[in-house]
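Residue numbers (our numbering): 11 to 192. Glycine included, each C-beta is placed from N, C-alpha and C at the ideal position.
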């Protein structure tokens with residue numbers, strides 16, 4: 011009986027040690043949502059006015075598969091310059107795990123961005139966009155959904171880029187927290 015208790019105790023300690031060392035993206039968002047240096051916004055897709063949009067069936071399916079968008083940003087200010095590099099390293103460490111697949115990397119005008127996802131190509135659970143710019147700061151976007159498909163999400167992004175999706179609600183929120191989306 012004592013040996014079973016020891017084995018269970020050792021297993022519990024090993025489990026706690028293995029889980030405790032890794033910070034998840036969700037924990038990162040929770041830990042920073044009340045941080046005065048960060049801007050945090052959770053946007054349910056119900057804020058998008060889908061009556062005003064002209065979408066194909068695939069674009070509509072992609073939009074309906076998104077449940078919530080979490081936005082976290084560290085704007086560059088004198089007070090956040092030192093913290094910028096620390097947070098950038100920490101975010102990269104979190105998203106560079108095997109759990110996330112890289113979809114694309116891009117950059118221009120001093121901004122570097124990476125798009126990653128978790129799940130299968132036909133059943134994406136989470137899409138991550140991380141962008142950083144030494145002059146403007148960093149932004150982390152987490153798109154949560156059910157059965158998101160990579161090709162439909164790409165079509166939705168093109169529709170948004172063309173202006174086929176009314177983002178007035180999101181632009182209003184961004185304006186309220188002094189973020190320029192245009």
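Q. Does DSSP classify residue 131 as helix, strand or coil?
A. Coil at residue 131, not helix or strand.
**Q.** Counted within 10 angstroms of its Cβ, other Cβ atoms place residue 72 as buried (16 or more) or exposed
**A.** Residue 72 is buried by the Cβ-count criterion.
Q. Which one or two residues does DSSP pair with residue 81 in a beta bridge?
A. When beta bridges are read from the DSSP output, residue 81 appears opposite 51 and 151.
**Q.** For residue 108, three-class secondary structure by DSSP
**A.** Shown here, residue 108 sits in coil according to DSSP, grouped into three states, outside any helix or strand.
Q: Would you kindly work out how many angstroms separate the C-alpha atoms of residue 146 and residue 85, rounded to a whole number?
A: If you draw a straight line from the Cα of residue 146 to the Cα of residue 85, it comes to about 6 Å.
Q. Out of 65, 118, 157 and 100, which has the shortest C-alpha to C-alpha gap to residue 150?
A. In terms of CA proximity to residue 150, 100 leads the group 65, 118, 157 and 100.
Q | Any 3 or more C-beta pairs closer than 8 Å across the region 69-83 and the region 105-124 | A | Segments in contact, no.
Q | Residues near residue 114 by beta carbon distance below 6 Å, same chain, minus five either side | A | If we look at residue 114 and ignore the five residues flanking it on each side, its Cβ neighbours are 125.
Q.
For residue 162, count the other beta carbons within 10 Å of its own beta carbon; 16 or more makes it buried, fewer makes it exposed. Which is it?
A. The residue is buried, with at least 16 neighbouring Cβ atoms inside 10 Å.
Q. Around the C-beta of residue 28, are 16 or more other C-beta atoms found within 10 angstroms, so that it is buried, or is it exposed?
A. Legend: pLDDT at residue 28 = 42, less than 50; position of this residue unreliable, no value from coordinates given.
Q: Consult DSSP for residue 113 and reduce its assignment to one of helix, strand or coil.
A: Note: residue 113 maps to strand in three-state DSSP.
Q) Considering only C-alpha positions, which residue in the set 35, 159 and 76 is nearest to residue 129? A) The shortest Cα separation from residue 129 among 35, 159 and 76 belongs to 159.
Q: Just the C-alpha distance for residue 51 and residue 69, rounded to the nearest angstrom, thanks.
A: Whole-angstrom Cα-Cα distance: 24 Å.
Q. My guess is that residue 78 and residue 154 are in contact by the Cβ rule of under 8 Å, so how many angstroms apart are they, rounded?
A. Cβ atoms of residue 78 and residue 154 come within 8 Å of each other, at about 5 Å.
Q: For my contact list, residue 166 and residue 94 are in at a C-beta cut-off of 8 Å; report their separation, rounded to the angstrom.
A: In this structure, residue 166 and residue 94 do not form a Cβ contact; the two beta carbons are roughly 30 Å apart against a cut-off of 8 Å.
Q. Could you give the residue range of the alpha helix (DSSP H) that holds residue 145?
A. Where residue 145 is concerned, there is no enclosing alpha helix (DSSP H), given that its DSSP letter is neither H nor E.
Q: Measure how close the beta-carbons of residue 138 and residue 35 come, nearest whole angstrom, since I'm counting them as under 8 Å.
A: Taking C-beta atoms under 8 Å as the contact rule, residue 138 and residue 35 qualify, at a distance of about 7 Å.
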